[in-house]
Amino acid sequence: MRFRLPLACLTGLAVMTAGCGSSSEPEASGKATISYAIWDKNDQASAEKIIAAFQQTNPNVTVKLEITPWDQYWTKLQTAASGGAAPDVFWMNSLNVRMYAKGGIITPIEESKVQGLSPAVVDGYRYDGKLYGLPHNVSIPALWYDKKLFDAAGVAYPTADWTWDDVKAAAKKLTDPAKKQFGILAHMWDQGAFYPTMLQAGGHVLSEDGKKSGFDDPASIQGLEYWTDMIEEKVAPVAEVYTDTDPIQLFQSGRYGMFYGGAWLASTFWANPEIRERIDVAPLPKGPAKEAVILLGLANAVSAKTKHPKESAAFAEFVASEQAQKILSDSGGGSLSLRDGTQEGWFKAFPTFHLKETYDASMPNGVPYPVSLNTAQWQDVQNKLLAEAWAGKRPVADVAKEIAAQMNEILAKE
Amino acid sequence: MHSKREWAWGYLLIAPMALGLAVFYLWPIVQTLYLSMTESGVFGGYTWVGTANFADLFTDEEMYGALANTLLYAVLVLAGVPLSIVVAALLNVPGLRGLSLYRTLYFLPVVTMPAAVALTWSYLFNGDFGAINHVLGTVGIDGPYWLGDPDFAIYAIAVVGIWSSIGYNAVLFLAGLQGIPRHYYEAAEIDGAGRLRQFFRITLPLLTPTTFFVMVITMINALQVFDLVYLMIDLKSPALEGSRTIVYLFYETGFVQNQRGLAATIAVILLGLILVLTAFQFRLQKKWVHYE
Numbered sequence: 001m002r003f004r005l006p007l008a009c010l011t012g013l014a015v016m017t018a019g020c021g022s023s024s025e026p027e028a029s030g031k032a033t034i035s036y037a038i039w040d041k042n043d044q045a046s047a048e049k050i051i052a053a054f055q056q057t058n059p060n061v062t063v064k065l066e067i068t069p070w071d072q073y074w075t076k077l078q079t080a081a082s083g084g085a086a087p088d089v090f091w092m093n094s095l096n097v098r099m100y101a102k103g104g105i106i107t108p109i110e111e112s113k114v115q116g117l118s119p120a121v122v123d124g125y126r127y128d129g130k131l132y133g134l135p136h137n138v139s140i141p142a143l144w145y146d147k148k149l150f151d152a153a154g155v156a157y158p159t160a161d162w163t164w165d166d167v168k169a170a171a172k173k174l175t176d177p178a179k180k181q182f183g184i185l186a187h188m189w190d191q192g193a194f195y196p197t198m199l200q201a202g203g204h205v206l207s208e209d210g211k212k213s214g215f216d217d218p219a220s221i222q223g224l225e226y227w228t229d230m231i232e233e234k235v236a237p238v239a240e241v242y243t244d245t246d247p248i249q250l251f252q253s254g255r256y257g258m259f260y261g262g263a264w265l266a267s268t269f270w271a272n273p274e275i276r277e278r279i280d281v282a283p284l285p286k287g288p289a290k291e292a293v294i295l296l297g298l299a300n301a302v303s304a305k306t307k308h309p310k311e312s313a314a315f316a317e318f319v320a321s322e323q324a325q326k327i328l329s330d331s332g333g334g335s336l337s338l339r340d341g342t343q344e345g346w347f348k349a350f351p352t353f354h355l356k357e358t359y360d361a362s363m364p365n366g367v368p369y370p371v372s373l374n375t376a377q378w379q380d381v382q383n384k385l386l387a388e389a390w391a392g393k394r395p396v397a398d399v400a401k402e403i404a405a406q407m408n409e410i411l412a413k414e
Numbered sequence: 001m002h003s004k005r006e007w008a009w010g011y012l013l014i015a016p017m018a019l020g021l022a023v024f025y026l027w028p029i030v031q032t033l034y035l036s037m038t039e040s041g042v043f044g045g046y047t048w049v050g051t052a053n054f055a056d057l058f059t060d061e062e063m064y065g066a067l068a069n070t071l072l073y074a075v076l077v078l079a080g081v082p083l084s085i086v087v088a089a090l091l092n093v094p095g096l097r098g099l100s101l102y103r104t105l106y107f108l109p110v111v112t113m114p115a116a117v118a119l120t121w122s123y124l125f126n127g128d129f130g131a132i133n134h135v136l137g138t139v140g141i142d143g144p145y146w147l148g149d150p151d152f153a154i155y156a157i158a159v160v161g162i163w164s165s166i167g168y169n170a171v172l173f174l175a176g177l178q179g180i181p182r183h184y185y186e187a188a189e190i191d192g193a194g195r196l197r198q199f200f201r202i203t204l205p206l207l208t209p210t211t212f213f214v215m216v217i218t219m220i221n222a223l224q225v226f227d228l229v230y231l232m233i234d235l236k237s238p239a240l241e242g243s244r245t246i247v248y249l250f251y252e253t254g255f256v257q258n259q260r261g262l263a264a265t266i267a268v269i270l271l272g273l274i275l276v277l278t279a280f281q282f283r284l285q286k287k288w289v290h291y292e
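As given, the protein sequences belong to chains C and V, one line each in that order.
The first sequence begins at 1 in full-length UniProt numbering and counts up by one.
The second sequence begins at 1 in full-length UniProt numbering and counts up by one.
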């Protein structure tokens, strides 16, 4: 009945916890093969180059790259980890790190290895006083804009000094119902859109100690209203539009003036010569209370059950080293390197985009992404309730208060 | 009477299948039952909570919403079964030209991957660029966001569900049709019954055993619908409220929110629901199924 095994792995919860992973073959005499799991295909080229560089200095170690698309990555990883067969080194994000650390799936990393890396990113990987991930890139949300629409409407391009009011005024001028043209996209995006605006208005998502929700803070609500107001005033399309078509594709259709999107989209946009000519990028606009940009960085985590702890740790460390960070940057892919002073190559890969200005303006205002132990649980609540506000079914203030109540309940159980 | 030896052979021959079923179906069911009485961490660590999960779900609005959506979906898909009978009857017309082509066309959705089906249909349903709204637009109707609106989403998904299952059901009905003895029709013709009358008086009644089988299978499949919803409705979609099915809620609870115990409880409730509804169908069959 061997052939039934993979099917059985998929069928039930029970089997899942029993585990159905395969483990690597034991190696002879000092040679080690370690597996490295990532989810982004855009990073395949740079990852292969980094692996080659690592293997050159560590000829006894072979690193096997495994790419699993984002949609399946976490489900697969959880299944493998529950069965004690997690990859030796794998991509981790700050949303999931606490869960994996608490579950004893990943092993702590020495504090000395993250020197010189941005604390806004590094601090996202702490749990119980220890560090569980070695960050190697940073994702900066930014304001993309369509120069063609700005020129046609005679509006000046966004700059690093722009505020919410500038965005709203520009959005109004760029909107043209006759052409089905909108000033801005108001997709429901946490990291780059409504979390930053909640903070920029002086509110918060999660209290400092991670025990209380900040959604009922009037300032937070103001940050959410920034988005729902623009939908209501019809300078942004209604909520259903973003669920039918990916906002990234919508923006490229040339009918939307501004788009809160990741700076990492540079490689996607650059790939299309027509889009490349037409758009540019600026830092996130300032809010009424302050500037805030939520930074997320991916980290490499080392499995606690790896057969080659030394080699795995060495590889994770290498990926965050200056040499590997330069390789990452020079490949001009989706990821922006984290170590200061290694970004030049990446900026140069997209010469007409104002990425350096965006980077320089964003890093000093970097704030870690709000996380607790089981972040996904309250985010699921947050997303489905906010969807009602975005769809205009309920006032956002009501919804925010309900999110806070449910979130506090979940946080209390953690 | 059979000898012991014969019994032994019998058991030996069914052993591989029985063992497979026991290990990969029965044991997981037992484990799921156990899990449904626990609260769990992501990586193991189960604490016994008894029936607390069940109590939680009985007061959970989302569970009732999912139940209502799933039942609505099942009713819609069941209502689509007559379509398959019509298709099968048409494919059974003697001397129809290009018959094998039509049979292939109707069966094609069955062998197509659900992911491809869902993707293609979500393009068709797209509110801004979709073919459906484009066609509606040419006759002056401003089509809704089929998959973005909680009032329409489940109907749109049911259309895809029916479309995907017509081929499979039609093949079953076709087999049923060909099992009906010719002489019934000949006799009816002599008595002066027209084509339509023959269909309603002979074909439909004699097809009821197949219809019953198709209804049972369709209902069980419909109650377990997940792939279409998962692929067509995003977790952040405002339409999720109106299209979240029980298995979707199971997925969301177990794999997004990481509450494995509670998810197992949902699976157990679904199992119970399917058992009850199927038993009900079997009781009801005495009233309308004619066995020759």
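For each residue, glycine too, the CB sits at the ideal point set by N, CA and C.
In this text the structure is predicted, and so the values were computed from the model without any measurement.
Checklist entry - Taking DSSP as the reference, what is the three-state secondary structure of residue 291/V? => result coil
Checklist entry - Apart from the five residues just before and just after residue 215/C, which ones in its own chain have a Cβ nearer than 6 angstroms to its Cβ? => result 400, 403 and 404
Checklist entry - How far does the alpha helix (DSSP H) with residue 189/V in it reach, from first residue to last? => result 182 to 190
Checklist entry - When burial is assigned at 16 or more other CB atoms within 10 Å of the CB, is residue 5/V buried or exposed? => result Looking at its Cβ environment, which holds fewer than 16 other Cβ atoms inside 10 Å, residue 5/V is exposed.
Checklist entry - With which residues is residue 282/C paired in a DSSP beta bridge? => result 143/C
Next on the checklist: Beta carbons nearer than 7 angstroms to chain C: which residues of the stretch 216 to 234 of chain V have them?
Outcome noted: 234
Checklist entry - Between residue 186/V and residue 158/V, what straight-line distance do the alpha-carbon atoms span, to the nearest angstrom? => result 39 angstroms
Item to check | In chain order, each alpha helix (DSSP H) run of at least 4 residues that lies wholly inside the stretch 273 to 325 of chain C | outcome: 273 to 278 and 309 to 319
Item to check | Among 201/C, 148/C and 90/C, the one whose alpha carbon lies nearest that of residue 164/C | outcome: Selection 201/C, 148/C and 90/C evaluated against residue 164/C yields 201/C as nearest (Cα-Cα).
Next on the checklist: So, at 7 angstroms on beta carbons, what are the nonlocal neighbours of residue 260/V in its own chain, with the 5 sequence-adjacent residues on each side left out?
Outcome noted: 35, 40 and 254
Item to check | Every unbroken alpha helix (DSSP H) within the stretch 43 to 126 of chain V, with a cutoff of 4 residues, ordered by chain | outcome: 52 to 58, 61 to 79, 81 to 91, 99 to 111 and 114 to 125
Next on the checklist: On the CB-based measure, 16 or more other CB atoms within 10 Å of its CB, does residue 295/C come out buried or exposed?
Outcome noted: buried
Checklist entry - Under 8 angstroms Cβ-Cβ, which residues of chain C neighbour residue 114/V? => result Here the premise fails: no neighbours, minimum Cβ distance about 14 angstroms.
Checklist entry - What's the gap between the Cα of residue 51/V and the Cα of residue 59/V? => result Going from the Cα of residue 51/V to the Cα of residue 59/V covers about 13 angstroms.
Checklist entry - Can you tell me the Cα-Cα spacing of residue 203/C and residue 194/C, whole angstroms? => result 11 angstroms
Next on the checklist: I'd like the span of the beta strand (DSSP E) that includes residue 200/V, first residue to last.
Outcome noted: It is not in any beta strand (DSSP E) - residue 200/V carries neither H nor E in the DSSP assignment.
Checklist entry - Could you give the residue range of the alpha helix (DSSP H) that holds residue 54/C? => result If you look at residue 54/C, you'll find it in the alpha helix (DSSP H) that goes 44 to 57.
Next on the checklist: Give me the DSSP bridge partner(s) of residue 176/C.
Outcome noted: Residue 176/C is bridged to 181/C.
Item to check | Cβ of residue 13/C within 8 angstroms of any chain V Cβ | outcome: A caution first: residue 13/C carries a pLDDT of 39, below 50, which makes its placement in the model unreliable, though a value can still be read off. At least one chain V Cβ lies under 8 angstroms of residue 13/C.
Next on the checklist: Assuming residue 33/C is part of the beta strand (DSSP E), what are its boundary residues?
Outcome noted: 32 to 38
Item to check | Interface partners of residue 237/V on chain C, CB under 8 angstroms | outcome: In chain order, 243 and 387 make up the part of chain C whose C-beta sits under 8 angstroms from the C-beta of residue 237/V.
Next on the checklist: Would you say residue 414/C lies against chain V (beta-carbon separation less than 8 angstroms)?
Outcome noted: no
Checklist entry - Just curious, the alpha helix (DSSP H) that residue 34/V is in, first and last residue? => result For residue 34/V, the enclosing alpha helix (DSSP H) covers residues 27 to 35.
Checklist entry - Should the stretch 155 to 164 of chain C be called in touch with the stretch 310 to 329 of chain C, which here means at least 3 C-beta pairs below 8 angstroms? => result no
Checklist entry - So which residues on chain V does residue 103/C lean against when the C-beta distance must stay under 9 angstroms? => result By Cβ distance, chain V contributes 41, 42, 43, 44 and 45.
Item to check | With 16 other Cβ atoms within 10 Å as the buried cut-off, status of residue 161/V | outcome: buried
Checklist entry - Who does residue 366/C pair with in a DSSP beta bridge? => result 293/C
Next on the checklist: Using only CA atoms, which one of 16/V, 218/V, 212/V and 110/V lies nearest to residue 284/V?
Outcome noted: 212/V
Next on the checklist: Short of 6 angstroms in beta carbon distance, which residues of its chain neighbour residue 291/C, apart from the five on each side in sequence? Order them along the chain.
Outcome noted: 365
Checklist entry - With DSSP run on the structure shown, which of helix, strand or coil describes residue 189/C? => result coil
Item to check | Given residue 129/C as reference, the closest of 120/C, 144/C, 283/C and 98/C once Cα atoms are compared | outcome: 98/C
Checklist entry - What first and last residue would you give for the beta strand (DSSP E) that runs through residue 160/V? => result From DSSP, residue 160/V is part of no beta strand (DSSP E) but of the alpha helix (DSSP H) over 153 to 178.
Next on the checklist: At the level of alpha carbons, what is the spacing between residue 264/C and residue 346/C?
Outcome noted: 10 angstroms
Next on the checklist: I want to verify the contact list: residues of chain V whose CB lies under 8 angstroms from the CB of residue 383/C, in sequence order.
Outcome noted: 235 and 236
Item to check | Between the CA atoms of residue 128/V and residue 291/V - distance to the nearest angstrom | outcome: 51 angstroms
Item to check | Reference residue 36/C; option with closest CA among 49/C, 56/C and 64/C | outcome: 64/C
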